[in-house]
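Number of protein chains: 2
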Amino acid sequence: MAREKKIDMVILGLLSHEDLSGYDIKKRIDSMISFFWKGSFGNIYPALKDMEEAGLVNRISESDSGREKIIYKITDKGSESLKDWLKDEQAVNEIRYETLLKLFFGGALDKAVSLANIEQFENKVKGDLRLLKGYCENLKEHLDNDDHMYYYLTASFGVETYEAYLKWCMKAKKILKNGVV
Amino acid sequence: MAREKKIDMVILGLLSHEDLSGYDIKKRIDSMISFFWKGSFGNIYPALKDMEEAGLVNRISESDSGREKIIYKITDKGSESLKDWLKDEQAVNEIRYETLLKLFFGGALDKAVSLANIEQFENKVKGDLRLLKGYCENLKEHLDNDDHMYYYLTASFGVETYEAYLKWCMKAKKILKNGVV
DNA sequence: AAGCAGATATATCAAAATGATATATTAGGG
DNA sequence: CCCTAATATATCATTTTGATATATCTGCTT
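Written as structure tokens, this is what we have:
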């Protein structure tokens, strides 16, 4: 089986809901799943080209006006490819936290530096948590709608983990200041 | 200011504690920080070469016996570079969770598929949490030692977040099964 | 003592992701 | 009418990832 690029699956997933251009896809990624997945023009546009060649998507319109805009539609083959990936229980989940990296090596400098890094992290998390809670409250009202429910589930993952981050921040600051648990 | 590769900082951070070979560095990354950061031979060895040229590290021994082994030592310049990075409060923190991606697009298939994906994730997390809790309990005894304290802080981040993951798993499974909050 | 598996050790490569930049068009506000 | 911001595609250098190649050494078994 050919190794699948993750960005391909993201694109197919989005196209399974609606026809989109590369630019639209980038916007959807940024607004809906950016807190746990990212995409860039640098991999979206080449992926669309490759997938068109492979018959997973079709371009269904191009430049209605003078402005160029290429809208893509998922094909049956693309849909099958998406489902195969969804059914495969293997999943790579990873975090990449520079804040933790700096903390781990914090011994090279005064504890005040580590404290500042944690506080910086804490503030960022507080802002993001506010946003995610907002999404969740709106989505909660429409759990009968499947699309909203799946969106709600991922957003609530964010809420749950960000709250844990804040809990950890308080604990970590205390330990750094007092050296106690 | 030159853009710094993250792997460079990881290597300098590790070398600030002890002299190491590229292979040693990979082992340290895998055993101590792999749950929030990764490294591969493919970027470690080239990074060591580049940093040696830039005067951030020195090779202090090579092939005592017939077996080739290059040990690196951090230089003053390397140490400064590490400290500059630590002092910079900017930090990129990102998660990349394929499980959430599959859940987000789960509507394309039966809910049983999403449930299976969550359960797979849950089992993985349970195992990892057990490990992290073990580390934490050992490290907790030595918070007076700075190195152990910084290690403890990062490990306890893992414990806190993994516990939140499990809490979310239970909630998510309930919603998928019953459609309620 | 021979043989073999597994750990040690460095190196390299294709593929993928990242982040930035280039280019051009269009819509809306002042 | 001009300017800014948003729309839209495309490309590129840099970095990371994951796999593989090559060779040595250690410890265990037979």
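Protein sequence lines, in the order shown, are assigned to chains G and F.
The end of the first sequence is residue 181 by our numbering, with every number in the run present.
The end of the second sequence is residue 1181 by our numbering, with every number in the run present.
Where a beta carbon is used, it is the ideal one built from N, C-alpha and C, also for glycine.
Model, not experiment: these values are computed from the prediction.
- A Cβ of chain G is located within less than 7 Å of the beta carbon of F:V1092.
- Between the alpha carbons of G:H148 and F:K1171 lies a distance of about 16 Å.
- The C-beta of F:N1178 comes no closer than 7 Å to any C-beta of chain G.
- Membership of F:K1102 in the alpha helix (DSSP H) is indicated by the continuous run E1098 to F1104.
- According to DSSP, residue pairing for F:N1058 in a beta bridge involves F:K1073.
- Contacts with chain G (Cβ-Cβ distance below 7 Å) from the region 1012–1035 of chain F involve G1013, S1016 and I1033, listed in chain order.
- From the beta-carbon of F:A1172, the residues of chain G found nearer than 8 Å are L153, S156 and F157.
- With its beta carbon at least 7 Å from every one in chain F, G:K5 lies outside the interface.
- In the assembly as shown, F:E1053 is an exposed residue. Its beta-carbon has fewer than 16 other beta-carbons within 10 Å.
- Neighbourhood of G:D144 in chain F, by CB distance below 9 Å: G1179, in chain order.
- For G:E163, the uninterrupted alpha helix (DSSP H) segment begins and ends at D146 to N178.
- For F:I1175, the neighbours in chain G by C-beta distance under 8 Å run, in chain order, L143, M149, Y152 and L153.
- In terms of Cβ geometry, F:Y1045 and F:R1059 do not form a close pair [threshold 7 Å].
- The C-beta of G:D146 has fewer than 16 other C-beta atoms within 10 Å across all chains shown, which makes the residue exposed.
- In the DSSP assignment, the residues bridged to F:I1095 are G:I95.
- The Cβ-Cβ distance between G:N93 and F:E1098 falls below 7 Å.
- Exclusion of the five residues before and after F:N1117 leaves T1099, K1102 and L1103 as the residues of its chain whose Cβ lies within less than 7 Å of its Cβ.
- Burial check for G:F41: the Cβ neighbour count within 10 Å stays below 16, so the residue is exposed.
- Interface criterion not met: the Cβ of G:L132 is under 7 Å from no Cβ in chain F.
- Per the coordinates, the alpha-carbon of F:K1083 lies some 27 Å from the alpha-carbon of F:C1136.
- DSSP places F:S1021 in the strand class (E or B) of the three-state scheme.
- DSSP places G:Q90 outside both helix and strand once states are collapsed to three, so it counts as coil.
- Residues of the region 1101–1117 of chain F with a C-beta less than 7 Å from any C-beta of chain G: L1101, K1102, L1103, F1104, F1105, G1106, G1107, A1108, L1109, V1113, A1116 and N1117, listed in chain order.
- Inclusion of F:V1010 and F:G1055 in the CB contact set at 7 Å is not warranted, their separation being larger than that value.
- Around the C-beta of G:G106, 16 or more other C-beta atoms lie within 10 Å, and the residue is accordingly described as buried.
- A Cβ-Cβ separation of about 6 Å places G:S81 in contact with G:L12 under the 8 Å criterion.
- Look at G:E80: its C-beta is not under 7 Å from any C-beta on chain F.
- Segment contact: the region 123–142 of chain G against the region 1151–1161 of chain F, fewer than three CB-CB distances shorter than 8 Å; contact not assigned.
- Here G:G22 is buried: its Cβ has 16 or more other Cβ atoms, across all protein chains shown, within 10 Å.
- Listed by position along chain F, the residues whose Cβ is nearer than 8 Å to that of G:A164 are E1160, T1161, E1163 and A1164.
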